[in-house]
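Enquirer:
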Amino acid sequence: MELFAQQILNGLVTGSVYSLVALGLTLIYGTMNVPNFAHGQLFMFGAYLSYALVMRAGVHYWIAMAIAVVTLAIAGAVLERSVFRPLRHAPPLNSMIAALGVMLLLEAVAQNIWGPEFRHTDTPYGGIVSLFGLPVAAHRLILLGAAAASMMALLVFLTRTTAGAAIRATAQNPEAALLVGIDTGRVAMATFAISAALAAVAGALIAPISLVYPAMGTVVTLKAFVIVVLGGMGSVTGALIGGYLLALAESLGGTYVSATYQDLIAFVVLALVFTFRPAGLFKAAV
Amino acid sequence: MLKVSALTVSYGSFQAVREVSFEVRPGELVVLLGANGAGKTTIFRAVSGLTPADRGSRIEWAGQELSSLSPRAIVDSGLSHCPEGRKLFPELSVGTNLRLGAYRCHDKAEIQRRLARVLELFPPLSGRMNDPAGALSGGQQQMVSVGRALMAEPKILLLDEPSVSLAPKVVAQVLEAVAAINRTGTMVLLSEQNAYAALEIAHRGYVLEGGRLVLHGPAAELMQHDEVRRAYMGA
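Now the structure itself:
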């Protein structure tokens with residue numbers, strides 16, 4: 004029973020990261036039809052910035068996270084402006100290739116700055132607490148809460164504010180968005196910034212738990228794509244729930260089926276979804 | 246006044262609209278008639294800035310040349326385009342769709358006032374404000390689309406085939422609403438395949454064929470015109 008509870012908790016922790024990354028990916032896909040293959044690298048940069056600020060500059064953990072989030076938001080906006088905006092009217096393949104290029108570039112830059120070694124980040128919440136008799140690293144609970152709060156903030160923003168409505172409107176009908184006077188270019192830039200910021204939150208949250216290294220984004224990108232397809236391309240709810248579902252399946256499958264094949268589970272799930280529900284589990288809706 | 250001169254729009258080497266000139270004067274309701282593919286939608290798209298017009302085309306409105314402006318600047322100039330096929334935001338609520346029509350207005354009380362006006366014009370929408378727009382019937386979706394365009398409080402409203410694929414009774418309701426909008430002083434440029442019903446509410450009309458203007462005149466005259474009767478009214 005304790006093993007089961009531990010695995011559920013692990014699943015929720017990994018799921019928080021998956022959902023945060025997949026949400027950004029699905030937002031960008033929904034509003035711009037760009038599959039941002041470099042999204043996991045934005046997550047990786049969030050983790051590295053948090054690591055560098057905490058471990059090398061001695062900045063407080065939360066302040067480091069805030070700086071990482073703002074930096075990545077700006078980087079996301081710049082990425083949209085400089086790489087994807089000029090390709091808006093080009094064939095979709097061009098944006099895909101550009102995204103792959105950005106992915107390789109970011110990974111090389113990280114390796115150049117921080118080297119190929121695995122890095123560890125300290126957290127102010129290093130203790131162990133007891134949750135219903137279960138020993139839990141305190142930072143994991145912090146991660147669960149902070150991730151949930153970020154996602155809640157995103158949902159409130161998308162559903163309760165005019166700016167959020169403008170993003171959703173652009174995703175649902177870009178031409179009609181233009182006709183009511185929405186600057187869809189600015190929406191694209193804001194969407195990229197928000198998505199990169201979410202990835203940075205995920206990176207900074209996971210840095211003290213898992214190791215930080217240049218290739219840490221690649222697997223997450225792959226998983227996030229599985230989640231986005233699983234949840235229905237462009238669906239916010241789908242990405243949110245899909246992230247937790249996939250991580251739970253992985254952690255339970257890894258424990259009770261085979262730990263060797265843990266990373267395979269995502270792709271088995273993907274194959275099953277493609278076979279039985281090609282449109283995804285949730286209808287596409289931003 | 247909206248004054249379009251020598252408007253030509255090409256898709257690649259195909260000229261969808263050739264040297265079309267027309268105008269909508271203050272207070273007028275003008276109808277563009279023509280079969281599918283005659284170029285009506287292309288004209289609307291060029292005027293509202295969605296499709297670029299060819300060199301030499303002039304679209305003058307309120308002292309500005311529209312062909313060099315962004316769709317957003319065109320909305321700000323008081324021109325609102327209700328597109329063919331409604332183009333709603335299907336997953337957003339009716340209320341959000343309508344409020345987004347006033348996206349360029351930042352005065353909450355003013356938006357509320359406009360909303361009340363739209364609901365007065367389309368009473369059936371009052372009870373559906375929280376439903377996703379995509380869940381409404383065709384007629385009600387059309388009301389949302391026209392209402393959304395009106396929320397910008399335009400001086401001129403462009404309506405592209407608002408009655409397409411609606412039941413005859415609903416067509417009459419929609420066109421009656423269009424006439425009511427025009428009576429409040431809003432200029433209207435309407436495109437229709439339903440020639441008779443459109444000419445009944447219009448002041449003047451233009452007839453398009455294969456991307457060219459072939460005929461124009463007061464609505465009452467066009468209604469009596471043999472060619473119009475034969476081509477569009479089955480008489």
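Quick mapping for you: the protein sequence lines, in order, are chains A and B. Residue numbering for the first sequence follows our numbering, beginning at 4 and increasing consecutively. Residue numbering for the second sequence follows our numbering, beginning at 246 and increasing consecutively. Beta carbons are placed, not taken as given, at the ideal position from N, Cα and C, and that holds for glycine.
1) Work out the CA separation of I426 of chain B and I100 of chain A for me, nearest whole Å.
2) At a cut of 8 Å, does the region 152-165 of chain A reach the region 308-328 of chain B through at least three beta carbon pairs?
3) Please list, in chain order, all residues of the same chain as V289 of chain A whose beta carbon is under 8 Å from its beta carbon, the five residues on each side excluded.
4) Does any residue of chain B bring its CB to less than 8 Å from the CB of I31 of chain A?
5) Check each residue of the region 234-245 of chain A: if its Cβ is closer than 9 Å to any Cβ of chain B, include it; give the result in chain order.
6) On the premise that R331 of chain B lies in contact with Q386 of chain B, defined as a C-beta separation below 8 Å, what is that separation, rounded to the nearest angstrom?
7) Taking C-beta pairs closer than 8 Å, name the residues in chain A that E466 of chain B reaches, listed in chain order.
8) With distances taken Cα to Cα, identify the nearest neighbour of A202 of chain A among A:P211, A:L96, A:F46.
9) With DSSP as the reference, identify every bridge partner of D405 of chain B, one or two as the case may be.
10) Just confirm the distance between the C-beta atoms of V415 of chain B and G392 of chain B, as a whole number of angstroms; I'd bet it's less than 8 Å.
11) Considering only C-alpha positions, which residue in the set B:K353, B:M388, B:I319, B:G455 is nearest to T164 of chain A?
12) Please name the residue or residues paired with E310 of chain B in a DSSP beta bridge.
13) Report the residue ranges of all alpha helix (DSSP H) runs contained in full by the region 133-192 of chain A; include only those spanning at least 4 residues, in chain order.
14) Please check the pair K248 of chain B and E273 of chain B, which I expect to be a contact at CB under 8 Å, by giving their CB distance rounded to whole angstroms.
15) Look at the alpha carbon of L467 of chain B and the alpha carbon of W306 of chain B, and state the distance between them as a whole number of angstroms.
16) Could you tell me which of B:Y477, B:P399, B:L366, B:V409 sits nearest to S322 of chain B, measuring between CA atoms?
17) My understanding is that G279 of chain B touches E445 of chain B, with C-beta atoms under 8 Å, so please give their C-beta distance in whole angstroms.
18) From the DSSP output, in three-state form, read off V289 of chain A for me.
19) Does the region 434-444 of chain B come within contact of the region 394-413 of chain B, defined as at least 3 CB pairs closer than 8 Å?
20) With a threshold of 16 other CB atoms inside 10 Å of the CB of L146 of chain A, please say whether the residue is buried or exposed.
21) Between which residues of its own chain and G14 of chain A is the CB-CB distance below 6 Å, once the five residues before and five after are set aside?
22) Just to make sure I have the definition right: I need the residues of chain B whose C-beta is within less than 7 Å of the C-beta of I185 of chain A. Which are they?
23) In chain order, what residues of the region 353-368 of chain B put their CB closer than 9 Å to some CB of chain A?
24) Would you say L157 of chain A faces chain B, with C-beta separation under 8 Å as the test?
Expert: Result, derived from the coordinates:
1) Taking the straight line joining both Cα atoms gives about 50 Å.
2) Fewer than three pairs of CB atoms, one per stretch, sit closer than 8 Å, so the region 152-165 of chain A makes no contact with the region 308-328 of chain B.
3) Reliability of the predicted coordinates at V289 of chain A is poor, the pLDDT of 47 falling under 50, and the value obtained from them is presented with this limitation in mind. T29, L30, G33, T34, L161, I170, R171, A174, Q175, G237, S238, V239, listed in sequence order.
4) Not one chain B Cβ lies under 8 Å of I31 of chain A.
5) So nothing in the stretch comes that close.
6) Indeed, because the Cβ distance is near 5 Å, the residues count as touching under 8 Å.
7) Within chain A, no residue comes near E466 of chain B; the closest Cβ sits about 33 Å away, beyond 8 Å.
8) Of the listed residues, the one whose Cα sits closest to A202 of chain A is A:F46.
9) Note: D405 of chain B sits in a beta bridge opposite B:S436.
10) Not really, about 15 Å apart at Cβ, beyond 8 Å.
11) Taking the Cα of T164 of chain A as reference, the smallest distance to any Cα among B:K353, B:M388, B:I319, B:G455 is reached at B:K353.
12) Bridge partners of E310 of chain B: B:E305.
13) At a cut-off of 4 residues, the continuous stretches assigned as alpha helix (DSSP H) that sit fully inside the region 133-192 of chain A are 141-163, 165-175, 177-182.
14) In fact, because the Cβ distance is near 12 Å, the residues do not count as touching under 8 Å.
15) Distance between the alpha carbons of L467 of chain B and W306 of chain B: 26 Å.
16) The shortest Cα separation from S322 of chain B among B:Y477, B:P399, B:L366, B:V409 belongs to B:P399.
17) Cβ-Cβ separation between G279 of chain B and E445 of chain B: approximately 17 Å, too far for a contact (criterion under 8 Å).
18) Residue confidence is low: V289 of chain A scores 47 on pLDDT, short of 50, so the model does not pin down where it sits. Its coordinate-derived value is still stated next. It is coil, neither helix nor strand.
19) The answer is yes - the region 394-413 of chain B touches the region 434-444 of chain B, with three or more Cβ pairs under 8 Å.
20) L146 of chain A is buried by the Cβ-count criterion.
21) Closer than 6 Å at Cβ, skipping near neighbours: A250, L251, S254.
22) Y348, listed in chain order.
23) Listed in chain order, the positions of the region 353-368 of chain B with a beta carbon within less than 9 Å of a beta carbon of chain A would be empty, since no residue qualifies.
24) Cβ-Cβ to chain B under 8 Å: no for L157 of chain A.
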